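Asker: Before I ask anything, let me first share the structure, which is written out below as structure tokens.
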Ligand SMILES: NC(=O)c1ccc[n+]([C@@H]2O[C@H](COP(=O)([O-])OP(=O)(O)OC[C@H]3O[C@@H](n4cnc5c(N)ncnc54)[C@H](O)[C@@H]3O)[C@@H](O)[C@H]2O)c1
């Protein structure tokens, strides 16, 4: 039986990963600082992780070291991170501190205490300036925004630890991940969670630009299967985790509307208002450029997943229709259970 440390265990992906590994009988050490994580994510029909998640920050040097010193950790999944782009833009120091310094704190302990494998939750957002599609892992234009730069930098430190000490690290570059537990209540929810929430409340969703922008997605269970398969590979590696299929905002909205039996026409807003819930980005001597917002909203993404298929024999199994059904079921159940409180961010 392996012992596995998962950071960010109360978040969307971390909680689902914890559940899969618990089902497989693995011994888990779970941490989260609950900056974004939620207790709801820790409840599964046949198990609760509520009393198992240690409230700890990945930057806590003493605390994190004590987890490694106490015990024979085989694998680390560093899933914790600050993911919302406008949060990273608004507080870059915090984003760098968590996504980069926090990762290095874990890497250093992984080195000192000799774990078998370190897996980093990285992102395809670092391909934001790439123009070759489907995008492969090995060569791409470097990113501009803070969030992808933090993940790109974290990857470089992973690489440094591999080259310097012979450690084994895989950086998984997730495409847009969707599935149960995706957070529909945060200030700027991921698009999929937002559109389902608006449909649930019979409200008109507001999409920026014309809704024809296309992104590629990966269902959370497919991601987790790959995250388990990469454990045995050696050295340093970066792997796209993508379905290799992309969908426009309008296509996704049509599928979700059909599944939910709703017929509400969306409104479309100007690109310049995309991050208007974050007024700090629009103020100061150098406010955010509209071209940056336009580029981010209209960004086309399609990642090549052939490397994951060839090296790990992995195939995505859940298509968009099925994945959205499962997400919708879970999100509606959550909103039902929260009643009127759930509406606070609308
Ligand atoms: N969801 C996606 O589409 C997607 C895509 C690409 C990459 N990623 C990456 O995958 C990871 C998980 O994403 P998610 O969607 O589950 O996000 P999430 O916000 O639901 O989960 C992240 C978790 O990390 C925790 N956390 C944040 N800072 C921490 C700290 N300093 N110490 C301990 N815990 C901390 C949060 O409380 C939260 O529970 C992130 O690193 C994110 O950057 C996500």
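Residue numbers (our numbering): 19 to 364. In this text, a Cβ means the ideal position worked out from N, Cα and C, and glycines have one as well. Keep in mind it's a predicted model, so treat the numbers as computed, not measured.
Am I right that residue 213 and residue 128 are in contact with their C-beta atoms under 8 Å? What's the rounded C-beta distance?
Answerer: Here residue 213 refers to the residue found at position 195 when the chain shown is read from its first residue. Here residue 128 refers to the residue found at position 110 when the chain shown is read from its first residue. The pair is not a contact, with the Cβ atoms about 38 Å apart (cut-off 8 Å).
Asker: Shorter than 8 Å, the distance from the beta carbon of residue 239 to the closest heavy atom of ligand 1, or not?
Answerer: As a first step, residue 239 must be located in the chain shown, where it is residue number 221. False, no ligand heavy atom lies under 8 Å from that Cβ.
Asker: Taking the alpha helix (DSSP H) that residue 37 falls in, what are its first and last residues?
Answerer: On the chain shown, residue 37 is found 19 positions in, with the first residue counted as 1. Where residue 37 is concerned, the enclosing alpha helix (DSSP H) stretches over 30-41.
Asker: Could you tell me the distance, in whole angstroms, from the CA atom of residue 288 to the CA atom of residue 354?
Answerer: Taking the first residue of the chain shown as 1, we reach residue 288 at position 270. Taking the first residue of the chain shown as 1, we reach residue 354 at position 336. Going from the Cα of residue 288 to the Cα of residue 354 covers about 32 Å.
Asker: Please report how far the alpha carbon of residue 186 lies from the alpha carbon of residue 61, in whole angstroms.
Answerer: To locate residue 186, count along the chain shown from 1; it is residue 168. To locate residue 61, count along the chain shown from 1; it is residue 43. The alpha-carbon atoms of residue 186 and residue 61 are separated by roughly 32 Å.
Asker: Once the 5 residues before and after residue 83 are set aside, which same chain residues still bring their CB inside 6 Å of it?
Answerer: Position 65 of the chain shown, counting from 1, holds the residue named residue 83. Once the five neighbours on either side are set aside, the close Cβ partners of residue 83 are 127.
Asker: Indicate the three-state DSSP secondary structure (helix, strand or coil) for residue 150 in the structure shown.
Answerer: Looking up residue 150 in the chain shown gives position 132. Coil at residue 150, not helix or strand.
Asker: Between the C-alpha atoms of residue 41 and residue 243, what's the straight-line distance to the nearest angstrom?
Answerer: As a first step, residue 41 is located in the chain shown; it is residue number 23 there, counting from the start. As a first step, residue 243 is located in the chain shown; it is residue number 225 there, counting from the start. Those two C-alpha atoms are separated by around 13 Å.
Asker: Can you tell me where the alpha helix (DSSP H) with residue 73 in it begins and where it stops?
Answerer: Here residue 73 corresponds to residue number 55 of the chain shown, with the count starting at 1. Run containing residue 73: none in the alpha helix (DSSP H); it sits in the beta strand (DSSP E), 71-73.
Asker: When you compare only the Cα positions, how much space is there between residue 303 and residue 343?
Answerer: Numbered from its first residue, the chain shown carries residue 303 at position 285. Numbered from its first residue, the chain shown carries residue 343 at position 325. About 45 Å.
Asker: Of the choices 317, 166 and 358, whose alpha-carbon is the least far from that of residue 228?
Answerer: If you number the chain shown from 1, residue 228 lands on position 210. Checked all of 317, 166 and 358; the closest Cα to residue 228 is 317.
Asker: Cα separation between residue 278 and residue 346?
Answerer: Taking the chain shown and counting its residues from 1, one reaches residue 278 at position 260. Taking the chain shown and counting its residues from 1, one reaches residue 346 at position 328. Cα to Cα, residue 278 sits roughly 8 Å from residue 346.
Asker: Would you check if the distance between the CB atom of residue 336 and the CB atom of residue 237 is smaller than 9 Å?
Answerer: Counted from its first residue, the chain shown places residue 336 at position 318. Counted from its first residue, the chain shown places residue 237 at position 219. Yes, Cβ-Cβ distance for residue 336 and residue 237 is below 9 Å.
Asker: Using the beta-carbon count (16 or more within 10 Å), is residue 28 buried or exposed?
Answerer: Here residue 28 corresponds to residue number 10 of the chain shown, with the count starting at 1. Classification of residue 28: buried, given that the 10 Å Cβ count is 16 or more.
Asker: Pick helix, strand or coil for residue 167, following the three-state DSSP scheme.
Answerer: Here the question's residue 167 lines up with position 149 in the chain shown. Helix.
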